[in-house]
């Protein structure tokens, strides 16, 4: 049952992340928030894999982990290039 | 005797997953709080990435301990490995980008090593 | 974007990502995966490379222009349908041929697999074409 | 053999341009071979067919629709086939030298041969739909031929006019044909015609008949639609000679003749044919007298003659109609070719300004004279026979409306007189009368080169021989066609020889003499006659409906018309407007349909309890995710910078991926996640190009957009909810489960546990094949678009 408690905390964390994302003064803030949110998504999926006992979800986490960083990299790249085209 | 082992291993496996999940949860919430509380971009970033990676890492580890099957464990190790590689790179990139685009530093920063080192290459 | 860290990481990550995308493709029949996801994964891998080493570098690795890859992919998908036709059953009808590979036991290769690879290649080249042209152009 | 010649002609049509490049001047001769072969072949058929025999060739084409690729050669089609191939050969030779040195001659031959094939196919087709296909083909080729000299604006306009009118008529005819097909249960003409009783029974026949007649009347330039034919004179002379005199315009007459047996006893059929035919005859011949331009005179007389043919069929005088068809084709073809020669050699188009050409062009002069007299109906010639039968037919036609018989005779005589005037105007005036206008001809007149003369000489010779010795070819052809037009009741066959007709006085001969004398008198007094009838012109042109056509045409296509208004509204370049319009239309259409049929309200009530069995925690988490998506969506609209909007949208993507996982769809989650990241990348690149972010839409526009957005959201929601309401029968999923991993071995199986991919790749592989093909195309499209823009100076690429 503790799992559910953790699920709750994760949910809380996600909401916090969302708040930061909405408020975040500068763009990088938002990007970081998005990145973290992505990580939480992976965590939730992992937790969920345990809950419903289907290890197959792990590959989903793997893919998410890999691609997530690509998104942030794209943002970073873009920010940099906009500064000095 | 083996009956004891089985219950112990069951309890152990269950307990271990529980512990890991809790740790994962704790770190995740820490990351979120860090993200919210930290004054400027850079400090927020390092908090989020460090705590986040660790939190999710534990969570995935918990999955490994929960299913004591070989392929699951291998895959989760791979996931954790990947996370540990990609997350720092991502934050590095963001930091670089943020710095170049002039994200404000925290007013009380002690000293800024980066100032002069990079010319606008 | 000439950050050295990104470059070294990509040099290590690229093969890994591609291998993983192929794994996802090949196991598509039984576990979650398949041509589409595989293709997307491969595209993101190449995009990573493009970000690190620039678009011309990607063209260099790909050697052939992307449009040929699209043609190859579609061709494969089409060809995979022919055996079905030869058998007299409808076009694209699944044909399976089983042979044992030492060490792994019974291995069944079928036309849907070929079709899936065709899909994989097409999706990969299509997304990459669009992305690279966008990247190159910006 | 039938299909052989047809295929050969079409093949030559394709090869003509290349042939022309290869052989230059000799192409005409080579191309002429095919119609010549056809002509000879149909000559041999003539005797057999004269007795009523018919050879049928057919293949199954589209069985499901009951359409067969079938041809039937009987007397009527042989007559027309001979016309098409015979005149065709002459025309090809004539065009060969007429267009000598013209750069695009190869293309002209291509169109001409294409038309010839289409016309031949039309007269031979035994299947309604096949006939329609050839019919439309003739319209298209005639459009190309009329507008051949496309530099001239007038040529383009009249070509378009011809196409629009014949096209619309064709459309109506198709509807009529399909209707007929339904009533008769078959599309084969011979079967329909064989049992008129089934047609008479059903109420739809009248409608089908009117529609088919619409097609025939537009094509054969009958009364309300006749104005396109004189305008079609913009075409080069060989085209006018071939299309607009002997073959194409007769397609309508052919169709009427072909359908006659099926509708013959229906009074409505007789009255419409006789009425319209008579009106066209009178109007056409009257207007002919008003014209001085050589080709315009001939054009209006053609309109008149077409009226004659239709009227005769309506009056139930098939033999007269057949005779007139033959006679008209011969003399009108020759006259048009003469007009071409005069225009080509002497460069003058107006008959009044011509004169004394006999000295320089003796052969052409004789040809013109003979054909002109034949049109006027001077005794020994075939034209006289035709006119004689016309008068006899109108005098005591039994088929048509009885009471108004004298009316038809009167009209026939008057128009006969007008024809006479026109005949003399075209045949006699330019050659044998003195030149009233001073000054030299624009081009020094000289005799036409031999190949141009072959066609007219042959046609004129046939007119003479046909009149004097009908038995040779006239009798079997005309009587055979009369039999096939009449269908059931046996037509009484009058003696056909001109001498016999001229020597046995009867009422028809008298009227014919009257017509001739009035004609000659009018011709001599043509100057004052034209002055008197000048005021009438206003009325005539009004009746010509041309003004109505132009008004309609400009109304739809012209500058301040519906088309421009519509484009200005919808395609005005603002991307925002496009999106608004698309979304609005979807809402209206889909929403309307949903509420009208779907009964969304009940479905709302039915949906809520559906998800009771899931653990409440899961439900809670899903609620949270959905909440996050909504918040993010709203935030996205408020964001200042574009990039932050993208970041917020990223949230939406990630949460939906997680939801997919919660619902147990790892495949979809993976794809969604990968797509989400790639979209972010694409956005990032695209945003790089967009100009500085600026708020364009004003306050009200924002609210409007918001309203549209919300409406669209509601629509999607109601769709989802209504899908809950409908009981999801798991029939399909059962099948796929079974097929993927069959419990019963041996059954065809796909050996895959991952159902989603198995379906994608194996069962519905064809769709996937289609999808990736589309994907490929899209990519190429994007690539070229971007490549286009990229050639403009590219800012620094990706470092």
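Residue numbers (our numbering), protein chains in the order written: chain A, 1 to 85; chain G, 86 to 206; chain X, 207 to 344; chain R, 345 to 1143. For every residue, glycine included, the Cβ atom is placed at its ideal position computed from N, Cα and C. These numbers were taken from a predicted model, which means no experiment stands behind them.
Original post:
How is the beta strand (DSSP E) around residue 416/R delimited, first residue to last?
Top reply: Position 72 of the fourth chain, counting from 1, holds the residue named residue 416/R. Residue 416/R -> beta strand (DSSP E) spans 411–417.
Subject >> Short CB-CB distance (under 8 Å) between residue 980/R and chain A >> reply: Translated into positions along the fourth chain, residue 980/R becomes position 636. It does not; no Cβ of chain A falls within 8 Å.
Original post:
Are any of the Cβ atoms in chain R nearer than 8 Å to that of residue 253/X?
Top reply: For the purposes of this step, residue 253/X is identified with residue 47 of the third chain, where counting begins at 1. Cβ-Cβ to chain R under 8 Å: yes for residue 253/X.
**OP:** Just the C-alpha distance for residue 702/R and residue 435/R, rounded to the nearest angstrom, thanks.
**Re:** Stepping through the fourth chain from its first residue, residue 702/R is reached at position 358. Stepping through the fourth chain from its first residue, residue 435/R is reached at position 91. Each residue's alpha carbon lies about 23 Å from the other.
Original post:
Which value, in whole angstroms, describes the spacing of the CA atoms of residue 672/R and residue 1120/R?
Top reply: Counting from one through the fourth chain, the residue named residue 672/R turns up at place 328. Counting from one through the fourth chain, the residue named residue 1120/R turns up at place 776. The straight-line gap from Cα to Cα measures roughly 59 Å.
**OP:** With 8 Å as the C-beta to C-beta threshold (strictly closer), list the residues of the segment 1014–1029 of chain R near chain X in chain order.
**Re:** 1014, 1015, 1018, 1019, 1021, 1022, 1025, 1026, 1029
Original post:
When DSSP labels each residue in this structure, what does residue 237/X get in the three-state scheme?
Top reply: Counted from its first residue, the third chain places residue 237/X at position 31. The answer is coil: DSSP assigns residue 237/X none of H, G, I, E or B.
Original post:
chain R beta carbons: is any one of them nearer than 8 Å to that of residue 38/A?
Top reply: Within the first chain, the letter at position 38 stands for residue 38/A. True, the Cβ-Cβ gap to chain R drops below 8 Å.
Original post:
So is residue 59/A buried or exposed if we call it buried at 16+ other beta carbons inside 10 Å?
Top reply: The residue given as residue 59/A occupies position 59 in the first chain. Result: buried.
**OP:** Flag residue 281/X as yes if its beta-carbon sits less than 8 Å from any beta-carbon of chain R, otherwise no.
**Re:** Counted from its first residue, the third chain places residue 281/X at position 75. False, the Cβ-Cβ gap to chain R never drops below 8 Å.
**OP:** Would you mind telling me which residues of chain A sit closer than 8 Å to residue 991/R, beta carbon to beta carbon, in chain order?
**Re:** As a working note, residue 991/R is residue 647 in the fourth chain. Simply 21, 27, 30, 31, 33, 34, 75.
**OP:** Express the C-alpha separation of residue 468/R and residue 387/R in angstroms, rounding to a whole number.
**Re:** Residue mapping note: residue 387/R aligns to position 43 of the fourth chain, counting from 1. Residue mapping note: residue 468/R aligns to position 124 of the fourth chain, counting from 1. Cα to Cα, the separation comes out at about 15 Å.
Subject >> the segment 797–812 of chain R touching the segment 667–684 of chain R, judged by at least three CB pairs closer than 8 Å >> reply: yes
Subject >> C-alpha gap between residue 381/R and residue 632/R, whole angstroms >> reply: As a working note, residue 381/R is residue 37 in the fourth chain. As a working note, residue 632/R is residue 288 in the fourth chain. Looking at the two C-alpha atoms, the distance is approximately 36 Å.
Original post:
Is it true that the CB of residue 1123/R sits closer than 8 Å to the CB of residue 321/X?
Top reply: Numbered from 1 along the third chain, position 115 holds the residue referred to as residue 321/X. Numbered from 1 along the fourth chain, position 779 holds the residue referred to as residue 1123/R. Not closer than 8 Å, so no.
Original post:
Should residue 44/A be flagged as near chain R, meaning a C-beta pair shorter than 8 Å?
Top reply: In the first chain, residue 44/A corresponds to position 44, counting from 1. Yes, residue 44/A lies at the interface with chain R (some Cβ there is under 8 Å from its Cβ).
Original post:
Tell me, which residues are paired with residue 161/G by DSSP?
Top reply: Here residue 161/G refers to the residue found at position 76 of the second chain. The partner list for residue 161/G (beta bridge, DSSP) is empty, contrary to what the question assumes.
Subject >> The alpha helix (DSSP H) enclosing residue 559/R, as first and last residue numbers >> reply: As a working note, residue 559/R is residue 215 in the fourth chain. Where residue 559/R is concerned, the enclosing alpha helix (DSSP H) stretches over 548–563.
Original post:
Any Cβ of chain A within less than 8 Å of the Cβ of residue 153/G?
Top reply: Reading the second chain from its first residue, position 68 is the one you call residue 153/G. Closer than 8 Å: no.
Subject >> For residue 314/R, the nearest candidate out of 441/R, 593/R, 426/R, 417/R (CA to CA) >> reply: Here chain R comprises residues numbered 345 to 1143, so residue 314/R is not present and cannot be evaluated.
Original post:
Is it right to say residue 328/X is buried, meaning 16 or more other beta carbons lie within 10 angstroms of its own, or is it exposed?
Top reply: Within the third chain, residue 328/X is the residue found at index 122, counting from 1. The residue is buried, with at least 16 neighbouring Cβ atoms inside 10 Å.
Original post:
What residue does the alpha helix (DSSP H) around residue 615/R start on, and which one ends it?
Top reply: The residue given as residue 615/R occupies position 271 in the fourth chain. Segment 611–634, the alpha helix (DSSP H) holding residue 615/R.
Original post:
Shorter than 8 Å from the beta carbon of residue 41/A to some beta carbon of chain R?
Top reply: By one-based count along the first chain, residue 41/A stands at place 41. Output row for residue 41/A: interface = yes.
Original post:
Quick one, are the C-beta atoms of residue 459/R and residue 587/R less than 8 Å apart?
Top reply: To locate residue 459/R, count along the fourth chain from 1; it is residue 115. To locate residue 587/R, count along the fourth chain from 1; it is residue 243. The answer is yes: Cβ separation under 8 Å.
Original post:
By the 10 Å Cβ neighbour count, where 16 or more other Cβ atoms means buried, how is residue 326/X classified, buried or exposed?
Top reply: As a working mapping, residue 326/X is identified with position 120 in the third chain. Residue 326/X is buried by the Cβ-count criterion.
Original post:
What is the C-beta distance between residue 36/A and residue 120/G, in whole angstroms, given that I count them as a contact (C-beta under 8 Å)?
Top reply: Within the first chain, the letter at position 36 stands for residue 36/A. Within the second chain, the letter at position 35 stands for residue 120/G. The Cβ separation is near 6 Å, so the contact holds.
Original post:
chain X beta carbons: is any one of them nearer than 8 Å to that of residue 6/A?
Top reply: In the first chain, the residue the question calls residue 6/A occupies position 6. False, the Cβ-Cβ gap to chain X never drops below 8 Å.
Original post:
Could you check where the alpha helix (DSSP H) with residue 684/R kicks off and where it finishes?
Top reply: Position 340 of the fourth chain, counted from the first residue, corresponds to residue 684/R. First-last of the alpha helix (DSSP H) with residue 684/R: 662–690.
Subject >> Contact check, residue 20/A vs residue 33/A, beta carbons under 8 Å >> reply: Start at 1 with the first residue of the first chain, and residue 20/A comes out as number 20. Start at 1 with the first residue of the first chain, and residue 33/A comes out as number 33. Yes; because the gap between Cβ atoms is below 8 Å, this pair is in contact.
**OP:** Using a Cβ cut-off of 7 Å, pull out every chain A residue sitting near residue 247/X, in sequence order please.
**Re:** Within the third chain, the letter at position 41 stands for residue 247/X. Those within 7 Å of residue 247/X in chain A are 63.
Subject >> Spatial neighbours of residue 431/R in its chain, beta-carbon cut-off 8 Å, leaving aside the 5 residues before and after >> reply: On the fourth chain, residue 431/R is found 87 positions in, with the first residue counted as 1. Result list for residue 431/R: 585, 586, 590, 591, 673, 677, 799, 803, in chain order.
**OP:** Have a look at residue 900/R and residue 564/R and give me their C-alpha separation to the nearest angstrom.
**Re:** Indexing the fourth chain from 1 puts residue 900/R at position 556. Indexing the fourth chain from 1 puts residue 564/R at position 220. Rounded to the nearest angstrom, the two C-alpha atoms are 25 Å apart.
**OP:** Would you tell me roughly how many angstroms separate the C-alpha atoms of residue 716/R and residue 546/R, rounded to the nearest one?
**Re:** Your numbering for residue 716/R matches position 372 in the fourth chain. Your numbering for residue 546/R matches position 202 in the fourth chain. Computed Cα separation, rounded: 47 Å.
Original post:
Which residue or residues does DSSP assign as beta-bridge partners of residue 469/R?
Top reply: Working through the fourth chain from its first residue, we reach residue 469/R at position 125. Per DSSP, 415/R.
Original post:
Shortest alpha-carbon distance to residue 501/R belongs to which of 574/R, 456/R, 520/R, 1112/R?
Top reply: Here residue 501/R refers to the residue found at position 157 of the fourth chain. Residue 574/R is the option with its Cα nearest to residue 501/R.
**OP:** Consult DSSP for residue 56/A and reduce its assignment to one of helix, strand or coil.
**Re:** Residue numbering aside, residue 56/A sits at position 56 when the first chain is read from its first letter. Coil, per DSSP.
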